[in-house]
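Structure first, commentary second.
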Amino acid sequence: MRVGLFDSGVGGLSILRDIWRLMPGASTVYFADTANFPYGTKSEDEVRRCSLRAVDVLMKYHPSAMVVACNTASTIALEAIRKYITTVPIVGVVPALKPAVAMTITKNVAVLATERTLASRAYQELKKSFADGMTIIDQPCPGWVELVENGQIDDAEAEQAVRDVVEPLAAAGVDVYVLGCTHYPWLRPLIEKCVGQKASTLDSGEAVAKKLQRVLGYQTANDTERQEIYLTSGNADGFQKLASRLLGRDIVLTLYVKSRGEFG
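Every letter in the sequence shown is one number past the one before it in this note's numbering, and letter 106, counting from 1, is 96.
Pasting the structure below:
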């Protein structure tokens, strides 16, 4: 059993972490399309093209299922990917609005995401389905993705960037923060430091892992030795070092992939 995942960088490793936690025996292949980073500032057509190239890369490893481990790609390209690949199940990443709405006391929820995700038709339809009686704030977070890709997840610049976004939301009575970008869980300690103990932060990693369990019929009793494959289309050394730091152990890069999706 092998799960393929892709993102524009290291953000999707936050999803990978939850898959390992709930499916410890599942093999994985992770593709960081860093040559095309970031997806969140690209046009919708560009996001679709990058996503389909990433899928081509992953399909060379014969995954049992595939995760679009990027909120921007999920909200824009998921339908195109599912039409393009029909032989394996495709799981997207959806902002955790449903549990957020169930959890909020103040009925003020903020969705922290890229501008492209927030503007997408898929997200706006999702938001509409949970908006009754709620104030749902669409909150772009300028520079957050770049900070994570630079490895700045706990320094003074990152903390200030988080405060600039979160403090006004806290003052407005937001008590649940939805992390609508897979990069943002790596900033979660700073976010939680800023919002305090009275607020909650939610991401989609566990929900994605649980869906994979159902789709693949995963049983812990059937665990085998896990294999991990890592690919990138950008700076190989930089990705390997940052991924190792985020995952808390050394990883080995398997292949460098050219930006067109060809193996190099």
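Using N, Cα and C, we set each Cβ at its ideal position, and we do this for glycine too.
Between Val47 and Leu221, which are expected to be in contact by the criterion C-beta below 8 Å, what is the C-beta distance as a whole number of angstroms? That pair is a contact at about 6 Å.
Return the Cβ separation of Gln129 and Leu159 in integer angstroms, given the expectation that the two are a contact with Cβ distance under 8 Å. With a Cβ gap of about 6 Å, Gln129 and Leu159 count as contacting.
Can you tell me whether Tyr220 is helix, strand or coil according to DSSP? Reduced to three states, the DSSP call for Tyr220 is strand.
Measuring straight from C-alpha to C-alpha, what distance separates Gln142 and Ile126? Across the structure, Gln142 and Ile126 are spaced so that their CA atoms are roughly 28 Å apart.
Same chain, Cβ closer than 8 Å to Ile75, five either side skipped, listed in chain order: The residues are Val45, Met49 and Met56.
CA-to-CA distance, Thr104 to Leu206, given in whole angstroms: For Leu206 and Thr104, the distance between alpha carbons rounds to 30 Å.
Local conformation of Ala197 per DSSP, three classes: Residue state, collapsed to three classes: helix.
Can you find the residues in the same chain that come closer than 6 Å, C-beta to C-beta, to Gly224, ignoring five residues on each side of it along the sequence? The beta carbon of Gly224 lies closer than 6 Å to those of Thr24 and Ala25 in the same chain, with the five residues before and after it left out.
Which one of Arg38, Tyr29 and Tyr51 has the shortest CA to CA distance from Gly(-1)? With respect to the C-alpha of Gly(-1), the residue from Arg38, Tyr29 and Tyr51 having the closest C-alpha is Tyr29.
Phe27 (DSSP reduced to helix, strand or coil): Assigned with DSSP and collapsed to three states, Phe27 falls in coil, not helix or strand.
If contacts are defined as beta-carbon pairs under 8 Å, then Val58 and Ser33 qualify, I think. What distance do you get, rounded to the angstrom? Beta-carbon to beta-carbon, Val58 and Ser33 are separated by about 18 Å, too far to satisfy the 8 Å threshold.
Would you mind working out which of Glu139, Glu136, Ser190 and Gln217 sits nearest Val156, comparing C-alpha positions? For Val156, the nearest C-alpha among the options comes from Ser190.
Along the beta strand (DSSP E) that carries Gly1, what are the first and last residues, could you check? First-last for Gly1: undefined, no H or E at that position.
Thinking just about the alpha-carbon of each residue, which of Ala161, Gln217 and Glu218 is nearest to the one in Asn98? When each option's Cα is compared against that of Asn98, the closest is Ala161.
Does the segment 177 to 190 come close enough to the segment 8 to 27 to have 3 or more Cβ pairs within less than 8 Å? These segments do not touch.
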